Structure formats: structure tokens, C-alpha cells
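Asker:
In the UniProt record's numbering, the protein residues as written are 1 to 305.
1) Evaluate contact between the segment 182-199 and the segment 254-265, counting only Cβ atoms and requiring at least three cross-stretch pairs below 8 Å.
2) Would residue 215 and residue 100 qualify as a contact pair, given that the criterion is a beta-carbon distance under 8 Å?
3) Would you list the one or two residues that DSSP bridges to residue 234?
4) In angstroms, rounded to a whole number, what distance separates the CA positions of residue 113 and residue 94?
5) Quick one: is residue 129 buried, meaning 16 or more other Cβ sit within 10 Å of its Cβ, or exposed?
6) Starting from residue 136, trace the beta strand (DSSP E) both ways and give me its first and last residue.
7) Just checking residue 282 against the ligand SAM - is the residue's beta carbon closer than 7 Å to any of the ligand's heavy atoms?
8) When DSSP builds the beta bridges, which residues end up paired with residue 196?
9) CB-CB under 7 Å to residue 292, same chain, minus the five flanking residues each way: which ones, in chain order?
10) When you compare only the Cα positions, how much space is there between residue 51 and residue 72?
11) Assuming the contact rule is C-beta atoms closer than 8 Å, residue 211 and residue 111 should be a hit. Round their C-beta distance to whole Å, please.
12) Hey, out of 75, 62, 108, 28, whose CA is closest to residue 219's CA?
13) Do residue 196 and residue 136 have their CB atoms nearer than 8 Å?
14) Report the rounded CA-to-CA distance for residue 242 versus residue 28, giving the unit in angstroms.
15) Should residue 282 and residue 160 be called a contact, given that it needs their Cβ atoms to be closer than 8 Å?
16) I'd like the list of long-range same chain contacts for residue 176, defined as Cβ closer than 6 Å, with 5 residues on each side in sequence excluded.
17) Is residue 31 closer than 8 Å to residue 38 when the C-beta atoms are compared?
18) Would you grab the beta carbon distance between residue 173 and residue 148 for me? Rounded to a whole angstrom, and I think it's under 8 Å.
19) With a CB to CB cut of under 6 Å and the five nearest residues on each side skipped, what residues in its chain are close to residue 106?
20) Does DSSP classify residue 40 as helix, strand or coil?
21) Which residue spans inside the segment 270-300 form an unbroken alpha helix (DSSP H) run of at least 4?
22) Using a 10 Å radius around the Cβ and a threshold of 16 neighbouring Cβ atoms, would you call residue 54 buried or exposed?
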């Protein structure tokens, strides 16, 4: 049996393993008392002597185990001392992300529409950066709303996922574009407000099953299925650095985009946003896509899946 299979078998049958260990321990104690007892001058079992001997052996075992454990920990490379990652139950994903948003100095999102980030993470980041006078850098990498084929492909993907059945949502190309435009608008507004949040935005033209939310202290990997767990990788672990480099590679390969090019003047922020987004998308002002997208900004319904 290979080492990995043995470890998996042990974990799956841990009750059996513990029971066997207890039985072996009991048998060894029985052998020590009945077969190899410590006798006194009257040829009777010397219980105090046996107790003292057992206690000495136990203390020696604890000391040796401690010395070996400390030696192994000290000689391990630093990255090996940090757990490679943690599994986050589906019901704890949102709370974990929102807790990170209160403390982080940066937030990177690599995903699809960014609905959860714009509705839940952005307000937290804005509030705590203002309260703590702390600069926060936000980088958003979402699907390109101008790519009709990509938006249509993502809509088909969402309709096949379990999240569509759970939330009774019918995804279309127009719905995907509306969600993306809402995220773009919220990012522009967050960047334009006089606060300590600096936003950057880029668009990607490919789909992925996974999404990445990166804070100062962790990378969380999630997928569309609301019944599947997420995986969190803490700062200092190998996977944290791997995913940071992966995100940077994707960012560098995405076309550069100037968020100020679609930012209205401060005194025209509310009325000018729709016009600038329509021009950015190449849509006629009579097109209702941008109007419906801006209506989503007031909504707080933001399931992570």
C-alpha cells in the first residue's frame, strides 16, 4: 500500500485505528504485569516500584518526543511550517471573505461578473479604509461586457450549474452584460469617491471554472457551485505565492484599461455615468442595457454563487 493510500485509509478508519491502538496498549500492560512483573524480596509484585518505573519511562518518552519535535520544526524550511491551505465550508465562505475585507490593504478579484464583490466587499473596504485612514488597492478582472460571444457562453455555463437551479435564475447574454456593467459602474464610483480606495479594472476574454479573491493575507478559490467548499491559502504558504503569480500573469496579459476614461466629472457623476457607459459599450443611448444595469446598483442580493 502506497504512503498516500495508507494515510487516506487511516483517516477514513480512524475509530478502528484508535481502538486497535488502545487494545495493543492494554495487551502490553498485561504482559508487563503478568509475564514480566517487578517482584519484591517476598517474591510478590512490587506495585510502587512498577509505578515508579512506568512514570520514569513516561517522562523520558515525553522529553525525547519534545526534543525531536522541536528539532524537526526548527530544521524545516519556513514554508513547510505553514499549512498549505484550508477547506472552507460553503456556509462560511461569505463570512470569511467579509472578515478579510475589514483588515486588508489590497483586494484582487479574478472571476466573472463580480456581483458579490461589488455588493458586499466594496462597501466594507470603503468603510474601513475611511475609518482607519488606510489606503486599499483594488484590482478587478472581470469578463469583457463588449464580447457578446463570451457573455453568451458564460450564460450557458451558469444555466447548467447548480446555482441556477438553487436561485431560480435564467441567465442570458443580456443579463451577463448587465451584471458586468453594474460591476464596472460600481468600480468607477468607488474609485471616483474621495476616499482611500484606488481601483484598477481590466477585462478578460476567457472563462474559468474558478474565481480568485485575494486579500493581503489569503487567497480564496471558489467556484459557481454553492454546495461546494472553497479553498483558502494563507500568506506565507506556497500556494498563496503561486496564485498571486498566476493572477499577475493574467493581469499582465489582459489589455490595459484606463478607468478614468469612463469616469464622469464629479458634478455630472449621476447623469453622466449612463452616457459614458453607453459610449464605452458602443451602444445607442436608447439601449436599455445600461439603464437596467445601473438599477442593479441599488440591489443587495448577492449570493456568492
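For every residue, glycine included, the Cβ atom is placed at its ideal position computed from N, Cα and C. Here the structure is a predicted model, which is why all the values come from computation and not from measurement.
Answerer: With the given structure in hand:
1) Yes, since at least three Cβ pairs between the segment 182-199 and the segment 254-265 fall closer than 8 Å, the two stretches touch.
2) One thing to note: residue 215 has its Cβ within 8 Å of the Cβ of residue 100.
3) Beta-bridge partners of residue 234 (DSSP): 218.
4) Taken atom to atom, the span from the alpha-carbon of residue 113 to that of residue 94 is near 17 Å.
5) Buried, since its Cβ has 16 or more Cβ neighbours within 10 Å.
6) Taken as a continuous stretch (DSSP letters only), the beta strand (DSSP E) holding residue 136 covers 136-143.
7) Because no ligand of any kind appears in the structure shown, any question about the ligand SAM cannot be addressed here.
8) Per DSSP, none; premise fails for residue 196.
9) These residues qualify, in order along the chain: 178.
10) Each residue's alpha carbon lies about 32 Å from the other.
11) Yes, residue 211 and residue 111 are in contact; Cβ-Cβ is about 4 Å, under 8 Å.
12) Nearest to residue 219 by C-alpha distance, out of 75, 62, 108, 28, is 108.
13) Contact: yes.
14) Their backbone Cα atoms lie some 48 Å apart in a straight line.
15) No, these two residues do not count as a Cβ contact at 8 Å.
16) Cβ neighbours of residue 176 beyond the five flanking positions: 151, 154, 155.
17) For the 8 Å CB-CB criterion, residue 38 and residue 31 do not form a contact.
18) About 6 Å separates the beta carbons of residue 173 and residue 148, which is inside the 8 Å limit, making them a contact pair.
19) Once the five neighbours on either side are set aside, the close Cβ partners of residue 106 are 137, 216.
20) Note: residue 40 maps to coil in three-state DSSP.
21) Inside the segment 270-300, DSSP marks whole alpha helix (DSSP H) runs of 4 or more residues at positions 289-295, from first to last along the chain.
22) Exposed is the call here.
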